[in-house]
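In my numbering, the protein residues as written are 798 to 1177. We put the CB at the ideal spot given by N, CA and C, even for glycine. Nothing here was measured: the structure is a model prediction, and the numbers come from that model.
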């Protein structure tokens, strides 16, 4: 009997100990862990309920199954189905973005061609032949493009800085609206038609991102709330960059390499490479289908074509010397281009330092703002 009494005493003392070896009461039922602590404390109602449930025979039935992270097999099946639907939505938006971006790029190129025809007719009708008529029409087109683009600040610039910022996690929704897409497409088409040396690859990448954002707004909205979803958005925007460059220069592989270069020094995964590759190939293929259809060709036209026939052009008796001259010309142009970039960077830095060195004119004391002037404005 004495042994039974001793065992009951030990069990009662063990019941008053914390559930883990490191729980110490802080008052109001809160605990904080500390390794090796064995200070007894009073059980909270939640702890008492937990001990009661654990003492029941059917407690093991209440534990989750062997499927880690899922309560039931039905939940696992449902989550797997949702994951497949999300992956299907990603590839669907990617393909549609490639098709729509290539279509828009083709429309801009056709607009440029038609504008050239109307420029010729304008100079013929108004008797402003030669340089005067061409200059007059080009100046009018540039002014119209500038007035239209000025209504939306997000349309200005090439779009590469904004795309790079979004690829590194800074979502700029105001740069991806349908208004930005329409105005930037009109401005790009008008400026290229006017003959200005405006690069199309930057605006095409920006417009492709606008298309991807507005094709399925829920796809972006739902995934912008988590890190894994933002990774899918980055892959979609990278594919937009690839199709933008690929449609501009009929170079799908170059578009893939350019999209990867934008994300350096980060290393992308399998889905990123295949997404960019599929978008670039699909966009270039659709562009060539439009081009073949409008020109009435019976077969698919090549990505890069020329009107120089075999046998045309000047021939030389020293092809090796001419090849060496071409190599030297490439080296000289590359060297000059590098120095031009350095000169541009130095000039931009000098202008920035000059702007910062010029102190702004002091404002009157009565117009000082509270946050900038250090106190309330002096109205009296």
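Range covered by the alpha helix (DSSP H) that runs through residue 1017
Working through the chain shown from its first residue, we reach residue 1017 at position 220. For residue 1017, the enclosing alpha helix (DSSP H) stretches over residues 1014-1020.
Give a yes or no on whether the C-beta atoms belonging to residue 1021 and residue 1057 are separated by under 7 Å.
For the purposes of this step, residue 1021 is identified with residue 224 of the chain shown, where counting begins at 1. For the purposes of this step, residue 1057 is identified with residue 260 of the chain shown, where counting begins at 1. Pairing residue 1021 with residue 1057 gives a Cβ-Cβ distance that is not under 7 Å.
Evaluate residue 987 with the Cβ neighbour count: other Cβ atoms within 10 Å of its Cβ, from every protein chain shown; 16 or more gives buried, anything less gives exposed.
On the chain shown, position 190 is the one that residue 987 refers to. That one is buried.
Cβ pair count under 8 Å reaching 3, the region 896-905 against the region 1035-1050:
Yes: at least three Cβ pairs fall under 8 Å.
Return helix, strand or coil for residue 958, following the three-state DSSP convention.
Position 161 of the chain shown holds residue 958. Correct three-state label for residue 958: helix.
Hey, could you find the ends of the alpha helix (DSSP H) residue 1039 is sitting in?
The residue given as residue 1039 occupies position 242 in the chain shown. First-last of the alpha helix (DSSP H) with residue 1039: 1024-1046.
Would you call the region 1077-1089 in contact with the region 884-899, where contact means no fewer than 3 C-beta pairs closer than 8 Å?
Contact between the region 1077-1089 and the region 884-899 is present, because at least three Cβ pairs lie under 8 Å.
Residue nearest to residue 1000 in terms of C-alpha spacing, selected from 898, 872, 1155, 1109:
What you label residue 1000 is simply residue 203 of the chain shown in a count that begins at 1. It is 898 whose Cα lies nearest to the Cα of residue 1000.
For my contact list, residue 1006 and residue 973 are in at a C-beta cut-off of 8 Å; report their separation, rounded to the angstrom.
Here the question's residue 1006 lines up with position 209 in the chain shown. Here the question's residue 973 lines up with position 176 in the chain shown. Your pair residue 1006 and residue 973 checks out as a contact, with CB atoms roughly 6 Å apart and the cut at 8 Å.
Can you check whether the CB of residue 977 is closer than 7 Å to the CB of residue 1002?
Position 205 of the chain shown, counted from the first residue, corresponds to residue 1002. Position 180 of the chain shown, counted from the first residue, corresponds to residue 977. No, the pair does not count as a contact, with Cβ atoms beyond the cut-off.
Can the beta-carbon of residue 913 be found less than 7 Å from the beta-carbon of residue 942?
For the purposes of this step, residue 913 is taken as the residue at position 116 of the chain shown. For the purposes of this step, residue 942 is taken as the residue at position 145 of the chain shown. Cβ distance not < 7 Å, so residue 913 and residue 942 don't count as in contact.
Cβ distance (whole Å) where residue 916 is taken to contact residue 896 below 8 Å:
Here residue 916 refers to the residue found at position 119 of the chain shown. Here residue 896 refers to the residue found at position 99 of the chain shown. Contact between residue 916 and residue 896 fails: their C-beta atoms lie close to 31 Å from each other, not under 8 Å.
Could you check how far apart the C-beta atoms of residue 1097 and residue 1089 are, in whole angstroms? I think they sit under 8 Å.
Taking the chain shown and counting its residues from 1, the one referred to as residue 1097 is at position 300. Taking the chain shown and counting its residues from 1, the one referred to as residue 1089 is at position 292. Contact flag correct, Cβ pair sits at about 5 Å.
What residue does the alpha helix (DSSP H) around residue 935 start on, and which one ends it?
By 1-based counting over the chain shown, the position of residue 935 is 138. Residues 928-946.
Between residue 884 and residue 877, what straight-line distance do the alpha-carbon atoms span, to the nearest angstrom?
Stepping through the chain shown from its first residue, residue 884 is reached at position 87. Stepping through the chain shown from its first residue, residue 877 is reached at position 80. When rounded, the distance between both Cα atoms is 11 Å.
Determine the closest residue to residue 790 out of 964, 982, 965, 1095, with distance taken between C-alpha atoms.
The chain is shown only over 798 to 1177; residue 790 falls outside these bounds and no answer can be derived.
Spatial neighbours of residue 1074 within its chain, please: CB distance less than 7 Å, with the 5 preceding and 5 following residues excluded, ordered by chain position.
Taking the chain shown and counting its residues from 1, the one referred to as residue 1074 is at position 277. Only 1053 meet the Cβ criterion.
In the structure shown, what three-state DSSP assignment does residue 1099 receive?
For this step, residue 1099 is matched to residue 302 along the chain shown. The answer is coil: DSSP assigns residue 1099 none of H, G, I, E or B.
Environment of residue 1130 [buried if 16+ CB atoms lie within 10 Å]
Locating residue 1130 in the chain shown gives position 333, counting from the first residue. Classification for residue 1130: exposed.
What would DSSP say about residue 1154, mapped onto helix, strand or coil?
Counting from one through the chain shown, the residue named residue 1154 turns up at place 357. Here residue 1154 sits in helix by DSSP.
Integer-rounded CB distance, given that residue 954 should sit under 8 Å from residue 998
Here residue 998 refers to the residue found at position 201 when the chain shown is read from its first residue. Here residue 954 refers to the residue found at position 157 when the chain shown is read from its first residue. Rounded, the Cβ-Cβ distance is 13 Å, inconsistent with contact.
Measure the C-alpha to C-alpha separation of residue 1036 and residue 963 and round it to an integer number of angstroms.
As a position in the chain shown, residue 1036 is number 239, starting the count at 1. As a position in the chain shown, residue 963 is number 166, starting the count at 1. Those two C-alpha atoms are separated by around 13 Å.
Between the CA atoms of residue 1026 and residue 818 - distance to the nearest angstrom:
Locating residue 818 in the chain shown gives position 21, where the first residue counts as 1. Locating residue 1026 in the chain shown gives position 229, where the first residue counts as 1. With a pLDDT of 40 at residue 818, under the threshold of 50, the predicted position of this residue should be treated as unreliable, though the coordinate-derived value follows. CA-to-CA, the gap between residue 818 and residue 1026 works out to about 40 Å.
Residue 1008 and residue 1017: beta carbons closer than 7 Å?
Your numbering for residue 1008 matches position 211 in the chain shown. Your numbering for residue 1017 matches position 220 in the chain shown. Not in contact: residue 1008 and residue 1017 (Cβ atoms no closer than 7 Å).
Measuring alpha carbon to alpha carbon, tell me which residue in 1033, 1155, 909 is nearest residue 989.
Your numbering for residue 989 matches position 192 in the chain shown. Closest by alpha carbon: 909.
What are the start and end residues of the alpha helix (DSSP H) that includes residue 1085?
Position 288 of the chain shown holds residue 1085. Start and end: 1067-1092.
For residue 1106, count neighbouring Cβ atoms within 10 angstroms of its own Cβ and tell me buried if that reaches 16, exposed if not.
The residue you call residue 1106 lines up with position 309 of the chain shown. Residue 1106 is exposed by the Cβ-count criterion.
List the whole-angstrom C-beta distance separating residue 886 from residue 970, where the pair is believed to meet the contact cut-off of C-beta under 8 Å.
Position 89 of the chain shown, counted from the start, is the residue given in the question as residue 886. Position 173 of the chain shown, counted from the start, is the residue given in the question as residue 970. That belief does not hold up - the Cβ atoms of residue 886 and residue 970 are roughly 19 Å apart, past 8 Å.
Among 1120, 1104, 993, 1050, which one has its Cα closest to the Cα of residue 936?
The residue labelled residue 936 in the question sits at position 139 within the chain shown. The residue among 1120, 1104, 993, 1050 with its C-alpha nearest the C-alpha of residue 936 is 993.
Sequence-distant residues of its chain with Cβ nearer than 6 Å to residue 854 (five each side left out):
Within the chain shown, numbered from 1, the residue matching residue 854 stands at position 57. Note that residue 854 has pLDDT 48, beneath the 50 cutoff, so the model's placement of it is unreliable and no number is given.
To the nearest angstrom, report how far apart residue 1127 and residue 1114 are at their CA atoms.
Within the chain shown, numbered from 1, the residue matching residue 1127 stands at position 330. Within the chain shown, numbered from 1, the residue matching residue 1114 stands at position 317. Cα-Cα distance, rounded: 22 Å.
Please say whether residue 1032 and residue 1068 have beta carbons closer to each other than 7 Å?
Within the chain shown, numbered from 1, the residue matching residue 1068 stands at position 271. Within the chain shown, numbered from 1, the residue matching residue 1032 stands at position 235. Taking 7 Å as the Cβ cut-off, residue 1068 and residue 1032 qualify as a contacting pair.
On a CA-only basis, which of 1051, 1133, 920, 919 is nearest residue 1070? Give me that one, please.
Within the chain shown, the letter at position 273 stands for residue 1070. Of 1051, 1133, 920, 919, the residue nearest in Cα terms is 1051.
Per-residue burial, residue 1155 [other beta carbons within 10 Å of its own, 16 or more giving buried]:
By 1-based counting over the chain shown, the position of residue 1155 is 358. It is exposed - the Cβ of residue 1155 has fewer than 16 other Cβ atoms within 10 Å.
Please classify residue 1015 as buried or exposed, where buried requires at least 16 neighbouring CB atoms within 10 angstroms.
Looking up residue 1015 in the chain shown gives position 218. Looking at its Cβ environment, which holds fewer than 16 other Cβ atoms inside 10 Å, residue 1015 is exposed.
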